[in-house]
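The block underneath contains the structure these notes are about, expressed in structure tokens.
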Amino acid sequence: MKRNYITIVAGIVLALIFTLKLFAFQVRQTQVAVKTTFGRQSKSISEPGLYFRLPWPIQNVYYFDNRIQNFEKNFKLEQTLTRDKKNLLISLFIGWKIADPKIFLERFDNGSLKDAEETLEGLIRDKKNAVVGQHNFADFLATDPNSQRFTHIENEILSGIKTPAMEEYGIDIELLGIKQLGLPESTTEKVFDRMREERKVRANELTSRGEATATRIRAEADRQRQEKLAEAQSKATRIKGGADALAAESFAVFEEEPELAKFLIELKALEASIKEDATIVFDRSTPPWNILFQGAESIGKDQGETH
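As structure tokens, then:
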């Protein structure tokens, strides 16, 4: 009896599972879905959850991955002509996702990702060639990094394909960028020659600026040097004039008292000779030591006259 009960319960569970598979379907977090009725689209589903449907062939459900798809394998280096008639090799990368599954399913048979990428490839190639053709070679390759306009060019290509991709194919282009740049062998040497010439012109400009700055610095230094020399010479002239005036006054006094002048000179010489400890042997008449004995003789004479 118990075994029969278990069998019945198992049968009911299997029936429920079968019924759910026939009349319900699940959309996951990473999916969007389109429900069709007799082959015609009836509902687009972008929110995850469990949904009701009628069994096939009345209704069918198509699932699509709504995560960003990386698409770059088909974008090899392709030759593109710039506005100034220079050849460039450019490859791109894009990130896209299915934003409107109804349009996507309608435009591509059974929602084929391969067909979608082939269509995107042609759309992007046409827009890339058109945008590159509006820019000069220097916008891509230049000695001055500030002259390059990669971001601006990428945004131009992206804005040119974003709207038609959404409206016509239900595809949202999330990002687009230049992956690689190259040059044909026939033009590489010419490009390098031009870049070397630009570098040379730039170096000459910097050299000229440096020489002009050095000339200004030297001129300013010479001017300051001349000013300081003139100031020093003027000060030296003033000092020398003051010294000459003092010397003239002293000479005037010495002319009136020559003996005094002679005495002062000898006294100064005597002072200079005995600044350090020394033993000196000299004659009584040797100047300037003779003034010591002259002073002693004068004192002795005065004392004798007193007695």
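At position 294 of the sequence shown (counting the first as 1) the number is 293 in numbering that gives the first Met the number 0, and the numbers step up by one without a gap. Don't be surprised by glycine CBs; every beta carbon is placed ideally from N, CA and C. Note that this is a predicted model, so its numbers are computed, not measured.
Fill in: For Y50, the residue or residues it bridges with in DSSP
F24
Scan the segment 176–241 and note each continuous beta strand (DSSP E) run of 3 residues or more that stays entirely inside, going in chain order. none
**Request:** Determine the extent of the alpha helix (DSSP H) in which F139 is found, giving its start and end residues.
**Result:** Where F139 is concerned, there is no enclosing alpha helix (DSSP H), given that its DSSP letter is neither H nor E.
**Asked** I172 to G159, Cα distance in whole Å?
**Response** 11 Å
**Message:** Within the continuous alpha helix (DSSP H) that includes F63, where are the two ends?
**Reply:** Unbroken run through F63 is the beta strand (DSSP E), Q58 to D64; no alpha helix (DSSP H).
I'd like the span of the alpha helix (DSSP H) that includes T118, first residue to last.
L112 to V131
For the pair the segment 125–139 and the segment 99–110, tell me if three or more CB-CB distances fall below 8 Å. no
Exercise for review: Could you tell me if P56 is buried or exposed, where buried requires 16 or more neighbouring beta carbons within 10 angstroms of its beta carbon?
Suggested key: exposed
message: Taking the beta carbon of E304 as the centre, do at least 16 other beta carbons fall within 10 Å, making it buried, or is it exposed?
response: Confidence is the limiting factor: at E304 the pLDDT is only 48, short of 50, which leaves the residue's position unreliable, though a coordinate-based value still follows. The residue is exposed, with fewer than 16 neighbouring Cβ atoms inside 10 Å.
Within the continuous beta strand (DSSP E) that includes G104, where are the two ends? Reading off the sequence, residue 104 comes out as Leu, not Gly. Note, L104: premise wrong, no beta strand (DSSP E); alpha helix (DSSP H) at P100 to R106.
Point to revise | First and last residue of the uninterrupted beta strand (DSSP E) at L88 | key: N86 to I97
Next item on the list: Alpha carbon to alpha carbon, how far is V33 from L88? Give it in angstroms, no decimals.
Entry: 40 Å
>> Nearest by alpha-carbon distance to I97: which of I123, K126, S45 and K127 is it?
In response: S45
- According to DSSP, residues forming a beta bridge with Q40: T35
Could you check if K126 is buried or exposed, using at least 16 other CB atoms within 10 Å of its CB as the buried criterion? buried
Practice item. Would you tell me roughly how many angstroms separate the C-alpha atoms of A213 and L119, rounded to the nearest one? Key: 59 Å
task: Using the Cα positions of E197 and Y61, report the straight-line distance between them to the nearest angstrom.
output: 58 Å
Exercise. Cα separation between G181 and L76?
Worked result: 7 Å
Practice prompt. Would you mind reading off the limits of the alpha helix (DSSP H) that contains D154?
Written response: Strictly speaking, residue 154 in this sequence is Asn, with Asp absent from that position. That run of the alpha helix (DSSP H) goes F149 to Y168.
Review point. If we count the other Cβ atoms within 10 Å of its Cβ and call it buried at 16 or more, is F22 buried or exposed?
Key: exposed
So, with DSSP's three-state summary, where would you put L76?
coil
Checklist entry - For I172, which of helix, strand or coil comes out of DSSP? => result strand
Can you give the Cα-Cα distance for S207 and R201, rounded to whole angstroms? 10 Å
- In three-state DSSP terms, what is N69? strand
Q) Do you know offhand how far T236's Cα is from A211's? A) 37 Å
message = Excluding the 5 residues flanking N203 on each side, which residues of the same chain have their C-beta closer than 8 Å to its C-beta?
response = none
query = H134 by DSSP, collapsed to three states: which one?
reply = coil
When you compare each of L174, A115 and F63 to V31 by their alpha carbons, which one comes out closest?
F63
Discussion item. Rounding to the nearest angstrom, what Cα-Cα distance links G240 and E219 in this structure?
Written reply: 31 Å
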